[in-house]
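Chains as they are written, first to last, in the working numbering: chain A, 147 to 687; chain B, 4 to 341.
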């Protein structure tokens, strides 16, 4: 090396290949509970294997058929609702359209027991809807509370936000073709077929599958409407019949169905997915005043059905602020427990998702293989399967210390929702310019300085938003909580689920409203963080 | 003997596509080596390999002290060398101020606080950024951002300076200003410079040595004048500016094709089939109503004109002091005997 006066400056530059390997290790570790549960499903339960017991007889297939039927109905209903909202919101200013998409996602961030409570109360014989209709027709009205249709609609109202997100982006791509249609004077019919209907098929199918996947794995809402799905059977098999192998054997094929659905969504929605990276396209010319009024009216109607009706019914039944205060006071231990568990899960989510998404984005840029996408399996498989895996792991001697503590639940939450955060961060980071990081490396910044001065300031907003999203989802999770919650204090969602069966409607409604009020600030904070991230991304772009 | 950053049969493949193939080249310390070639030919990839940001799929990069036996040279450890780099985009750290950008690069050095400050202040002055020291890149113009990127590359006192299309995103007067600053900085630094560009004008003005990269391979290596005057192929010639190829039978100081004289002024001793690669300034067009050459295009280039002249099926560019109406006929002649 040539020696110069300037050589006295020693700039350290080391690479950290360990970070990449650590991410691969975390990805594989995250699959350990799932693998454990699958191994458990192979063990014999009683005289025969769980698979033979469930899938060698019609009962497993019946459970699958009921679940698939309900999920398909819910997905269809949600897709129709989502298209209605998206098409109506497209007539509004962009800010309002964004707001309506966010609002449609709100039901995703409250426990499914809350939505189920609101609608069972609303549709019950003494519920406001039934009573209102009775007053209208002048006689007793019995609404179909315990039916597939009602359960499917309520599930659709909880999950249609997912479809709204996918279809909003798809619609904006369609809008990008609008100026071309006008410039080239494409006939209206041809434009409708080639520029609207055909490009919309794939995103619509992707949205449908996504909602179907989530609806399939939710047994709380159907259970409240007395519809038994495979999730209900898993719970009975595990908790009542004390047969984890049988429960896992029932859930395992559902995991395969879920994984296949997500693979199809990712593959078929590739174009939509890739479009997220493009800059916001030009909009079609704004509609006239009446068009906007119509759009606002339809959007408000859909959102009222999803948000205002449940909240209004709960408020009507809760009766007073005092009742809400009493309900919260009696559930203060659960509220505190929920806060602690969700915070811990959110922090784990943030750290894990940051590491995994960085690795995934890096591998994508290099065209290198990585195990990170496999963590998506944790989101697609039935939550009960993950819970069974966590319980089995906690029963091993090496993990005896965490048995009967909240740790299996916290880790379970983190593993379940880390894929959501990972996917969101990956979508943001994979197209991000790598040069600033390369500049840090080439100009001799140490790994610590790179992390502190380059990476963290650039990514802290998105990481905190990802952690908060994970925490919110963990706070409202119920399917895993029912199986994993430690002895003693439960979570708010579990308490609400219990109260529905044991307490008067007024108390249940009051607690449901309390949960909404508690979730509110976190949701507003998340929305604010997301808007900051969006603004920053736009500035950087 | 000064060191040379040497690529030995370097290859790089990405996603099954070969980006670089068997690249052998050397960039000498204290000289400006320019990588030229059209976009997408692997210049950026080669710079990233030299910077240690990419690992070559085949071959290696060494620091050779002896040009005759580079294969025995030790590998170039980019992690231990001081490298300054300007990326295609400014690649700035948007949350940091101008001063903090430079300070951060020096933070890991063994320089004292005072010396660091002095060095940063000097560079800020030199780059015309002193009044923007507390500003963040988001509130700076494209030229200012690029000046900051250059300052960041220089502040550590690099032994090797890698510049990847440093002016690509600038235009007009800003480009000229930053070019002047860059030229001044390169004249001052003792670093070995490797500059990638597809801008032929910048390449010719800055380069001591030129490496012509075409389709991932080295087409020609040499000193700028040599590559400019004696290109190995038309494609290599075009990497450094406009050029045309003309072929025919040389006899008695003229080049003829199918019995038609297409070029005069050849050295009398040249004879037989010839393929000439000619720069516009190598040729002159002499109007003559009986001439076989015909002006097909006339374009203004700076203070002169480039005439697109067709003769016996061949098409060449000729530099001409004045514009010439399309359709004018005449003769082509070599300005310098070749």
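Glycine included, every Cβ here is placed at the ideal spot set by N, Cα and C.
Predicted model, so just to flag it, every value in this text is computed and none were measured.
Problem set entry | Neighbour flag for residue 605(A) against chain B, beta carbons, 7 Å | no
For this session: Taking C-beta pairs closer than 7 Å, name the residues in chain A that residue 86(B) reaches, listed in chain order.
Result: 588
For this session: Measure the beta-carbon distance from residue 568(A) to residue 521(A) and round it to whole angstroms, keeping in mind my assumption that it falls under 8 Å.
Result: 6 Å between Cβ atoms; contact.
For this session: Can you tell me which of 312(A), 565(A) and 380(A) puts its alpha carbon nearest to the alpha carbon of residue 495(A)?
Result: 565(A)
Exercise. Can you tell me whether residue 18(B) is buried or exposed, with buried defined as 16 or more other CB within 10 angstroms of its CB?
Worked result: exposed
Problem set entry | Cβ-based burial, residue 360(A) [other Cβ within 10 Å; buried from 16] | buried
For this session: Output yes if chain B places a C-beta closer than 7 Å to the C-beta of residue 149(A); else output no.
Result: With a pLDDT of only 32 at residue 149(A), under the threshold of 50, the placement of this residue in the model should not be trusted, and no figure is reported.
For this session: Assess, as a yes-or-no matter, whether the region 22-34 of chain B is touched by the region 188-201 of chain B under the definition of 3 or more beta carbon pairs within less than 8 Å.
Result: yes
Problem set entry | Runs of beta strand (DSSP E) lying entirely within the region 190-230 of chain B, each at least 3 residues, in chain order | 195-200, 212-217 and 220-226
For this session: Output, in sequence order along the chain, the residues in the region 560-581 of chain A whose CB is closer than 7 Å to any CB in chain B.
Result: For the region 560-581 of chain A, the set of positions with a beta-carbon nearer than 7 Å to some beta-carbon of chain B reads 579 and 581 in chain order.
For this session: For the alpha helix (DSSP H) holding residue 618(A), just list the boundary residues, first then last.
Result: Its alpha helix (DSSP H) spans residues 602-621.
Exercise. So what does DSSP say about residue 159(B), is it helix, strand or coil?
Worked result: coil
Exercise. Name the residues in the region 594-621 of chain A whose C-beta lies less than 7 Å from a C-beta of chain B; which are they?
Worked result: 595, 599, 600, 603 and 604
For this session: For residue 181(A), I'd like the list of residues in its chain whose CB is within less than 8 Å of its CB, leaving aside the five on either flank, ordered along the chain.
Result: 535
Exercise. Would a check of beta-carbon distances place residue 190(B) closer than 7 Å to chain A?
Worked result: no
Exercise. Residues of chain B with a CB under 9 Å from the CB of residue 677(A): which are they?
Worked result: Listed along chain B is no residue with a C-beta nearer than 9 Å to that of residue 677(A); the closest approach is about 18 Å.
For this session: Grab the span of the alpha helix (DSSP H) containing residue 223(A) for me, first residue to last.
Result: Segment 204-235, the alpha helix (DSSP H) holding residue 223(A).
Problem set entry | Residues of the region 143-177 of chain B with Cβ closer than 7 Å to any Cβ of chain D, in chain order | This model lacks chain D altogether, as its protein chains are A and B.
Exercise. Starting from residue 15(B) and walking both ways along the beta strand (DSSP E), at which residues does that stretch end?
Worked result: 7-17
Problem set entry | Segment limits, alpha helix (DSSP H) that includes residue 321(A) | 294-322
Exercise. Got a sec? Which residues, its chain only, sit under 6 Å from residue 249(A) by beta carbon, not counting five neighbours each side?
Worked result: 449
Problem set entry | Pairwise C-alpha distance: residue 200(B) and residue 306(B) | 24 Å
Problem set entry | Strand pairing of residue 265(A), partner residues [DSSP] | Residue 265(A) pairs with nothing; no bridge assigned.
Exercise. What does residue 343(B) touch in chain A if you count any residue whose Cβ is under 7 Å from its own?
Worked result: Because chain B spans 4 through 341 in this model, residue 343(B) falls outside it and cannot be assessed.
Problem set entry | residue 102(B), enclosing alpha helix (DSSP H) - first and last residue | 101-110
Exercise. So, helix, strand or coil for residue 187(B), using DSSP?
Worked result: helix
Problem set entry | For residue 530(A), the three-state DSSP class (helix, strand or coil) | Residue 530(A) sits in a helix when the DSSP states are folded into three classes.
Problem set entry | For residue 96(B), three-class secondary structure by DSSP | coil
Problem set entry | Which of helix, strand or coil DSSP assigns to residue 252(A) | helix
For this session: Give the secondary structure of residue 77(B) by DSSP, where H, G and I count as helix, E and B as strand, and everything else as coil.
Result: coil
For this session: Just mark residue 234(B) as buried or exposed, buried being the case when its beta carbon has 16 or more other beta carbons within 10 Å.
Result: buried
For this session: Look up residue 379(A) in the DSSP assignment and say whether it is helix, strand or coil.
Result: Residue 379(A): helix per DSSP, three-state reduction.
Exercise. Who are residue 167(B)'s beta bridge partners in DSSP?
Worked result: 199(B)
For this session: Determine the direct distance from the alpha carbon of residue 209(A) to that of residue 376(A), and round the result to whole angstroms.
Result: 5 Å
Exercise. Counting only beta-carbon atoms, is residue 655(A) nearer than 7 Å to chain B?
Worked result: no
Problem set entry | Proximity to residue 206(A) [Cα-Cα], best of 400(A), 551(A) and 631(A) | 400(A)
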